[in-house]
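This report refers to the structure that appears directly beneath it.
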DNA sequence: TACTTTTGTAAAGCAAACTTTACATAAAAA
DNA sequence: TTTTTATGTAAAGTTTGCTTTACAAAAGTA
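Residue numbers (the UniProt record's numbering), protein chains in the order written: chain S, 1 to 64; chain P, 1 to 64.
Here it is in C-alpha cells:
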C-alpha cells in the first residue's frame, strides 16, 4: 500500500515529530508509515484523514 | 469506532462466513468487527470498501 | 419437535502495529 | 566549520488484529 503522507506533511512544513505528536503516535511510527514499512491502523488513518482534510482513499493507495 | 458491516452484509443476504471468505479473514474476525470488539486493519477495511462499493468513511464511523 | 445453519464467544497462539531507547547520518543553521 | 535539527534505522517489548479449535446458543427449516 502506497501513501502520500510524506508529501502532505512536507507541504505543510511539518517534521515527522510534529505529525507524530498531533496524530498521537511515535516519530518512528510516522517514519515507518512514510517509508512503507507497515500500514497504519484504521484509527491512525482516520486521524491523518482529519488532519489533512482528505479521505483515507486519497491518502492511501490500496493495491491487492 | 462504530460500523455498518452487519447491515451491509445482511442486506446482501450474506452470512459472516460468506463475508469472511470473500474478504480473506476468519468468521470470528467478521463477528468481532461487527460486534465492535476491535477495528479492522486498513487492508481489511479497503477490501470491505471494494466489496460493498462504499468509501471507508461511510462504513466506519470514527469517534475520538 | 427435530435438525441444520448461523451467530456468539472463549482460549491459546501468531503476526503486525506501535512503543521506548538508542545511535548514526543528513541537512540546516549559527 | 561547529552545532543543532531532522531523518533513518535497529532491538526489545507491548498491544491489538487475526488465526484455529472448540463449543454453546439462537434462529431458521423440515
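Where a beta carbon is used, it is the ideal one built from N, C-alpha and C, also for glycine.
query = Mind checking residue 11(P): buried by the 16 CB within 10 Å criterion, or exposed?
reply = Position 11 of the second chain, counting from 1, holds the residue named residue 11(P). With fewer than 16 Cβ atoms within 10 Å of its Cβ, residue 11(P) is classed as exposed.
task = Could you tell me whether the Cβ of residue 22(P) comes closer than 8 Å to any Cβ of chain S?
result = Within the second chain, numbered from 1, the residue matching residue 22(P) stands at position 22. Put simply, the CB of residue 22(P) is far from chain S, with every gap to its CB atoms at 8 Å or more.
task = Could you tell me whether any Cβ in chain P is nearer than 8 Å to the Cβ of residue 41(S)?
result = As a working mapping, residue 41(S) is identified with position 41 in the first chain. Interface residue, yes.
ask   = Do three or more CB pairs link the segment 16 to 24 of chain S to the segment 15 to 32 of chain P at distances below 8 Å?
value = no
inquiry  = Quick check on residue 51(S): does DSSP put it in helix, strand or coil?
reply    = By one-based count along the first chain, residue 51(S) stands at place 51. In the structure shown, residue 51(S) sits in a helix (DSSP, three-state: H, G or I).
query = In or out: residue 2(P) buried (at least 16 other Cβ within 10 Å) or exposed?
reply = Along the second chain, one-based indexing puts residue 2(P) at 2. Exposed: under 16 other Cβ atoms inside 10 Å.
task = Output yes if chain S places a C-beta closer than 8 Å to the C-beta of residue 56(P); else output no.
result = The count along the second chain starts at 1 and reaches residue 56(P) at position 56. Answer yes: the Cβ-Cβ gap between residue 56(P) and chain S drops below 8 Å somewhere.
request  = State yes or no: is the C-beta of residue 41(S) within less than 8 Å of the C-beta of residue 42(P)?
outcome  = Here residue 41(S) is taken as the residue at index 41 of the first chain, counted from 1. Here residue 42(P) is taken as the residue at index 42 of the second chain, counted from 1. Against a cut-off of 8 Å, the Cβ pair of residue 42(P) and residue 41(S) comes out as a contact.
inquiry  = Just checking: is the beta-carbon of residue 59(S) within a distance shorter than 8 Å of some beta-carbon in chain P?
reply    = Within the first chain, the letter at position 59 stands for residue 59(S). No, residue 59(S) lies away from the interface with chain P (no Cβ there is under 8 Å from its Cβ).
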